[in-house]
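S.K.:
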Amino acid sequence: KRNLTQLEAETRFAQIEQGSVRYDVSLYLKKGPIFTGEIWMSFKTQKTTDVFFDYVGIDYQVLSINKQSTEHEKFDRKDGIVTIPSDMLDIPGQENLVRIRFENNYSTDGLGLHSNTDVDGAQYLWSQGEMAWANRIFP
């Protein structure tokens, strides 16, 4: 479980047009140890380059990029970094739309999304999701 390095943050800052990033996140909060969700991310690139996102959850699947199915593509994740190749993205200045389904364990260490089922059977949720820890909740 990690945070972006200074170099990774500077690289991503140079890749993405500022003010163009939008997220639409749906979380499916189940009782038990695991939650799932889906995210739609839109952004514009500043130049033709690979783009990456960070996610340290259990699993993810990139479902589509710019409305083209990618369900059978494998996007490698190394140390929490997932790279989207530039040839799958629109030209710089055009909006890109990426749809991802994800799964993760509720956290137990004070960071991310937590769940507790009380003795009465009710589930209680809380989050600690500042920028540095949001990658534990969604990509």
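Just so we're on the same page, my numbering is the position in the sequence shown counted from 1, plus 227. A virtual CB, placed ideally from N, CA and C, is assigned to each residue, including glycine. Please read these numbers as outputs of a predicted model, since none were measured by experiment.
Quick one: Cα of PRO260 to Cα of PHE270, how far?
M.R.: Against the sequence shown, residue 260 aligns to sequence position 33. Against the sequence shown, residue 270 aligns to sequence position 43. C-alpha separation (whole angstroms): 32 Å.
S.K.: From the DSSP output, in three-state form, read off MET315 for me.
M.R.: Looking up residue 315 in the sequence shown gives position 88. The answer is helix: DSSP assigns MET315 an H, G or I state.
S.K.: THR279 to GLY246, Cα distance in whole Å?
M.R.: The residue given as residue 279 occupies position 52 in the sequence shown. The residue given as residue 246 occupies position 19 in the sequence shown. Residue identity check: residue 279 is Phe in the sequence provided, not Thr. About 17 Å.
S.K.: Please go through the region 256-311 and give each complete beta strand (DSSP E) segment of 3 or more residues, from N-terminal end onward.
M.R.: Those beta strand (DSSP E) runs which fall completely within the region 256-311 and span 3+ residues are 261-271, 278-281, 286-292 and 308-311.
S.K.: Which term fits ALA187, buried or exposed, when burial requires 16 or more other beta carbons within 10 angstroms of its beta carbon?
M.R.: Look at the range of the chain in this structure, 228 to 366, and you will see that residue 187 is not part of it.
S.K.: Work out the CA separation of SER354 and GLU298 for me, nearest whole Å.
M.R.: As a position in the sequence shown, residue 298 is number 71, starting the count at 1. As a position in the sequence shown, residue 354 is number 127, starting the count at 1. Straight-line Cα distance between these residues: approximately 30 Å.
S.K.: Report the three-state DSSP secondary structure of THR238 (helix, strand or coil).
M.R.: Against the sequence shown, residue 238 aligns to sequence position 11. It is helical.
S.K.: At what residues does the beta strand (DSSP E) containing ILE327 begin and finish?
M.R.: By 1-based counting over the sequence shown, the position of residue 327 is 100. Start and end: 322-332.
S.K.: If you check the beta carbons only, do ARG328 and LEU290 fall under 8 Å apart?
M.R.: Here residue 328 is taken as the residue at index 101 of the sequence shown, counted from 1. Here residue 290 is taken as the residue at index 63 of the sequence shown, counted from 1. Yes, the pair counts as a contact, with Cβ atoms nearer than the cut-off.
S.K.: Who pairs with LEU340 in a beta bridge, going by DSSP?
M.R.: Sequence index remark: in the sequence shown, residue 340 carries index 113 (1-based). Per DSSP, SER354.
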